[in-house]
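What follows is a set of notes on a single structure, which appears directly below.
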Amino acid sequence: MTDVGNMQVGAVGTAQVAARPTIQVVPLKGLPIVAAVVAFVIASIAGNWLWALTFCHVVGGGLWTAIDLFVGLIVGPMLGRLSPAARAEFTARFMPKMVLLMPTLVLMTLAAGFQLALKLGNLSPASPNHGWLVASFCVVGVMAVIALGVLEPANIAVLFEMRTPDPDGAVIGTLMRRFVLTAGITGVMQVATLIIMTRVATQ
Amino acid sequence: MSAVPATAPGSAPSRRFPPVAGLTTVSLGLVVIGGILMASYAPRRPPLGVPVAITVASAALLLAGGYLTSRLRPFAWDRFFLVFRWALLAYVISAGVIGFAFIKDHVRGAPLAVVLAMLAIYALDVPLIIAFTVARYSSPARHAGSLPDVSQPT
Numbered sequence: 001m002t003d004v005g006n007m008q009v010g011a012v013g014t015a016q017v018a019a020r021p022t023i024q025v026v027p028l029k030g031l032p033i034v035a036a037v038v039a040f041v042i043a044s045i046a047g048n049w050l051w052a053l054t055f056c057h058v059v060g061g062g063l064w065t066a067i068d069l070f071v072g073l074i075v076g077p078m079l080g081r082l083s084p085a086a087r088a089e090f091t092a093r094f095m096p097k098m099v100l101l102m103p104t105l106v107l108m109t110l111a112a113g114f115q116l117a118l119k120l121g122n123l124s125p126a127s128p129n130h131g132w133l134v135a136s137f138c139v140v141g142v143m144a145v146i147a148l149g150v151l152e153p154a155n156i157a158v159l160f161e162m163r164t165p166d167p168d169g170a171v172i173g174t175l176m177r178r179f180v181l182t183a184g185i186t187g188v189m190q191v192a193t194l195i196i197m198t199r200v201a202t203q
Numbered sequence: 204m205s206a207v208p209a210t211a212p213g214s215a216p217s218r219r220f221p222p223v224a225g226l227t228t229v230s231l232g233l234v235v236i237g238g239i240l241m242a243s244y245a246p247r248r249p250p251l252g253v254p255v256a257i258t259v260a261s262a263a264l265l266l267a268g269g270y271l272t273s274r275l276r277p278f279a280w281d282r283f284f285l286v287f288r289w290a291l292l293a294y295v296i297s298a299g300v301i302g303f304a305f306i307k308d309h310v311r312g313a314p315l316a317v318v319l320a321m322l323a324i325y326a327l328d329v330p331l332i333i334a335f336t337v338a339r340y341s342s343p344a345r346h347a348g349s350l351p352d353v354s355q356p357t
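Listed in order, the protein sequences are those of chains A and B.
All residue numbers for the first sequence refer to the working numbering, where the first residue is 1 and numbers rise by one.
All residue numbers for the second sequence refer to the working numbering, where the first residue is 204 and numbers rise by one.
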């Protein structure tokens, strides 16, 4: 797996410490966008709007799948080959965005997708898609446990550690290994989601 | 940049903790399984025996995780609560949207109560895992020197 165990941030000379990017664990500027997306999802469910539910599910799911694949299979392995300073700077700028982006996309995709499945009758036992949808619940369930139980806590713990005046490289290395490994697993599992969803859409 | 300093014995990364994150992640996994069982029956009324048993087991694991966390000394409690309250806010909103969808789909009575119990566990599980993970790697405030093994609660 990608080696990110030697990530170094902080614990360095004063000039380099001063040069470290300021890290905001939750980017406050993004919160209004998240609020707008959540409000749109709620309105779509409340209004039972087919177009809006389809939009939320397709756009959210497409972005979620693409980002998981891209981060897990392309960015993660590259991260291990960057210089420690570049890795630290990339992490400081990249991880806060993921804190807001991924939970929002997941909520948007799943809430709209469930409503859409009910509305279109795909969850009915008589539907040929019923089994495929239950399979997709199982895949998403495994991904959710990995993402919420391992990936997101590691992401946030890295950001908190990087905010300290004297970040511990060993802690950041341990947590980044965990982040990259779990991002890789969820990336691979997204392939199963792609197969299931294209089956559902064409039956 | 200089080399990363070696991790001192007894510092936060090498210190042993009770399996709070593990227990709570299993609790989360159980409510996800329960949720899949309930959702796979929609729009029909699901049989509730297995989901209720799963919810009880999940709640027990969550309580065990909370209890083990509460016994930790020393622990970065200031950081734990800082992260916990904001994560709780985020996941209460997330659980609220999911609960709203079930109510909108006319889930009523006992099935709704089971779903809401599962969502409550979910909304507590995730903040506990995140806050514990952040705090376990943080040095407790006002505590210097090596830290004891706290893998067994006192």
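The beta carbon of each residue, even a glycine, is placed where N, CA and C say it ideally should be.
Because the structure is a prediction, the values reported are computed rather than measured.
message = Spatial neighbours of leucine 100 of chain A within its chain, please: C-beta separation below 7 Å, excluding the five flanking residues on both sides.
response = These residues qualify, in order along the chain: Val26, Pro27, Gly30, Val34.
Contacts of alanine 242 of chain B in chain A (Cβ-Cβ under 7 Å): Residues of chain A passing the Cβ test: Phe114, Phe137.
task: Could you name the residues of the same chain whose beta carbon sits closer than 7 Å to that of arginine 248 of chain B, not counting the 5 residues immediately before and after it, in chain order?
output: Excluding five sequence positions before and after arginine 248 of chain B, the CB atoms of its chain that fall closer than 7 Å to its own CB belong to Pro314, given in chain order.
* Asked: Taking only beta-carbon atoms, is proline 246 of chain B less than 8 Å away from chain A?
  -> It does: the Cβ of proline 246 of chain B has a partner Cβ on chain A nearer than 8 Å.
Counted within 10 angstroms of its Cβ, other Cβ atoms place methionine 7 of chain A as buried (16 or more) or exposed: For methionine 7 of chain A, the predicted model reports a pLDDT of 39, less than 50, meaning its position is unreliable and no value from the coordinates is stated.
### Message
Taking 7 Å as the cut-off, is the beta-carbon of histidine 57 of chain A closer than that to any non-hydrogen atom of the ligand ATP?
### Response
Ligands displayed in this structure: none; no statement on the ligand ATP is therefore possible.
Please report the distance separating the alpha-carbon of serine 261 of chain B from that of valine 235 of chain B. When the Cα atoms are used, serine 261 of chain B and valine 235 of chain B turn out to be separated by approximately 10 Å.
How would you label glutamine 190 of chain A, buried or exposed, when you count the other beta carbons within 10 angstroms and need 16 or more for buried?
-> By the neighbour-count rule (16 or more Cβ atoms within 10 Å), glutamine 190 of chain A is buried.
Cutting at 7 Å between CB atoms, please list the residues of its own chain near threonine 336 of chain B, excluding the five before and the five after it.
Ala224.
7 Å Cβ cut-off: residues of chain A touching threonine 272 of chain B: What threonine 272 of chain B touches in chain A: nothing, since even the nearest Cβ is about 14 Å away.
Spell out whether any CB of chain A is found under 8 Å from the CB atom of glycine 237 of chain B.
Using a Cβ-Cβ cut-off of 8 Å, glycine 237 of chain B does not count as an interface residue toward chain A, since no Cβ of chain A sits closer than that to its own.
- Message: Can you pull out the residues from the segment 314–338 of chain B whose beta carbon lies closer than 7 Å to at least one beta carbon of chain A?
- Response: So the close ones are Val329, Ile332, Ile333, Thr336, Val337.
In or out: arginine 178 of chain A buried (at least 16 other Cβ within 10 Å) or exposed? Classification for arginine 178 of chain A: buried.
| field | Of the residues A/Gln203, A/Ala201, A/Ile185, the one placed nearest isoleucine 74 of chain A, counting alpha carbons only | value | For isoleucine 74 of chain A, the closest C-alpha among the options A/Gln203, A/Ala201, A/Ile185 is that of A/Ile185.
Within-8 Å CB hit, leucine 31 of chain A to chain B
Proximity of leucine 31 of chain A to chain B, defined by a Cβ-Cβ separation below 8 Å, is not satisfied.
Chain B contact residues for alanine 154 of chain A, given Cβ-Cβ distances below 8 Å: What alanine 154 of chain A touches in chain B: Thr336.
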